[in-house]
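Chains as they are written, first to last, in the working numbering: chain A, 628 to 774; chain B, 628 to 774.
The beta-carbon is built from N, C-alpha and C at its ideal position, and this holds for glycine as well.
2 protein chains.
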Amino acid sequence: MTTSTDQNQHIEKLRGLIQDIGCGMLTSVDEDGSLHSRPMDKTSEIESDGTLWFFTNASTHKVFEIEHRQQVNVSFTSSDKQRYVSISGIAELVRDRNKMQELWKPKLKAWFPQGLDESDLALLKIKINRADYWDSQLKFQQQTINL
Amino acid sequence: MTTSTDQNQHIEKLRGLIQDIGCGMLTSVDEDGSLHSRPMDKTSEIESDGTLWFFTNASTHKVFEIEHRQQVNVSFTSSDKQRYVSISGIAELVRDRNKMQELWKPKLKAWFPQGLDESDLALLKIKINRADYWDSQLKFQQQTINL
Chain A
628 MTTSTDQNQH IEKLRGLIQD IGCGMLTSVD EDGSLHSRPM DKTSEIESDG
678 TLWFFTNAST HKVFEIEHRQ QVNVSFTSSD KQRYVSISGI AELVRDRNKM
728 QELWKPKLKA WFPQGLDESD LALLKIKINR ADYWDSQLKF QQQTINL
Chain B
628 MTTSTDQNQH IEKLRGLIQD IGCGMLTSVD EDGSLHSRPM DKTSEIESDG
678 TLWFFTNAST HKVFEIEHRQ QVNVSFTSSD KQRYVSISGI AELVRDRNKM
728 QELWKPKLKA WFPQGLDESD LALLKIKINR ADYWDSQLKF QQQTINL
């Protein structure tokens with residue numbers, strides 16, 4: 628059984644692992660079963676319920692993939708620290724203007740030049756189920772966090 | 628139609644994109660549909676037929692996943708260069724002693740301390756079907772290479 632104290636510690640650990648990594652690679656599965664990934668700029672820390680948010684355009688192929696099959700992976704890599712993090716979760720498209728305003732960061736203009744005025748802008752909400760990580764300090768032995 | 632000249636150019640382009648990135652994240656799909664990724668040290672350039680090789684232990688869960696479902700993704704991230712590469716392909720476990728000797732590199736001892744003497748050592752062969760990439764020079768517009 629995972630108590631709420633365990634859950635808080637797990638999320639705190641996971642936040643620390645990815646805090647210096649700005650961009651993750653989100654992998655999803657296409658209709659034909661092929662796996663695609665694409666960079667996603669991290670907009671915020673992981674929330675206390677184990678949720679991670681990304682901005683997206685709503686009418687993209689990845690959203691099509693996710694609406695057909697919600698299971699995704701987000702990987703974070705720090706080659707400087709030799710740290711590698713795999714996050715497995717469930718993705719959902721969310722159109723919530725208030726949440727977008729809360730999460731928006733100027734660096735996102737690289738991907739969304741019109742900012743919050745992009746007509747197609749939406750959020751991807753990832754509910755994290757599990758994370759695995761490896762780093763040189765732990766001699767690359769796989770560590771697992773279940774949320 | 629993809630001619631062999633096109634194919635050579637595509638592979639040359641793809642080699643260049645990942646040549647400075649030592650480690651990719653390999654994503655595969657588990658029996659329950661969840662997606663997991665893990666770091667894989669690049670052992671060689673992409674071969675001229677579009678094949679990428681990694682060392683693995685044969686009796687690992689990722690091999691179990693791949694034997695049940697061969698479609699995988701390998702992502703390569705260079706945060707210095709703001710470059711992100713997604714490779715979609717078909718994975719296969721290969722136990723070929725000669726190929727292992729050809730591909731072995733000392734840096735792999737971080738993951739396989741016994742080197743080529745690891746009894747469980749094998750290769751993962753990834754046949755690349757498609758790659759997508761993004762970088763800051765191209766203003767993060769998605770570029771696609773079909774092999």
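- Using a Cβ distance threshold of 8 Å, B:L743 and B:Q728 count as a contacting pair.
- Under a criterion of Cβ atoms nearer than 9 Å, the residues of chain B adjacent to A:F767 are, in order, P666, A737, W738.
- Close CB contacts of A:K726 within its chain, under the 7 Å cut and outside five residues either way in sequence, are with L750 (chain order).
- Using a C-beta cut-off of 8 Å, the stretch 649 to 667 of chain B makes contact with the stretch 642 to 654 of chain A, since at least three inter-stretch Cβ pairs fall below that distance.
- Within the same chain, and ignoring the five residues on either side of A:R722 in sequence, the residues whose Cβ sits closer than 8 Å to its Cβ are A685, A749, L750.
- Taking the Cα of A:K754 as reference, the smallest distance to any Cα among A:E639, A:Q646, A:S675, A:T687 is reached at A:S675.
- The C-alpha of A:H688 is placed about 12 Å away from the C-alpha of B:Q769.
- Residue-level contact check: A:N684 does not touch chain B, since none of the beta carbons of chain B fall below 8 Å from its beta carbon.
- A distance below 6 Å between beta-carbons, with the five flanking residues on each side excluded, links B:W731 to the following residues of its chain, in chain order: L743.
- Selection B:R642, B:L735, B:Q698 evaluated against B:Y760 yields B:R642 as nearest (Cα-Cα).
- Interface with chain A (8 Å Cβ-Cβ cutoff): B:V690 is excluded.
- Taking the C-beta atoms as reference points, B:D762 is found nearer than 8 Å to B:Q709.
- Closest in C-alpha terms to B:K766, from the list A:F767, A:K734, A:K766, comes A:K734.
- Contact between B:G649 and A:S706 holds: CB atoms are separated by about 7 Å, below the 8 Å threshold.
- Secondary structure note for A:G651: its beta strand (DSSP E) is the uninterrupted segment 650 to 656.
- Under a criterion of Cβ atoms nearer than 7 Å, the residues of chain B adjacent to A:L662 are, in order, T654, Q698, V699, N700, S715.
- Relative to the Cα of A:E719, the nearest Cα in the group A:W738, A:Q697, A:S713 belongs to A:Q697.
- DSSP places B:T687 outside any alpha helix (DSSP H), giving it a letter other than H or E.
- The C-alpha of B:G677 is placed about 15 Å away from the C-alpha of B:T771.
- Beta-bridge analysis with DSSP links A:L748 to A:N684.
- Selection B:V699, B:K736, B:D747, B:R724 evaluated against A:D659 yields B:V699 as nearest (Cα-Cα).
- The beta carbon of B:E694 lies closer than 8 Å to those of L720 in the same chain, with the five residues before and after it left out.
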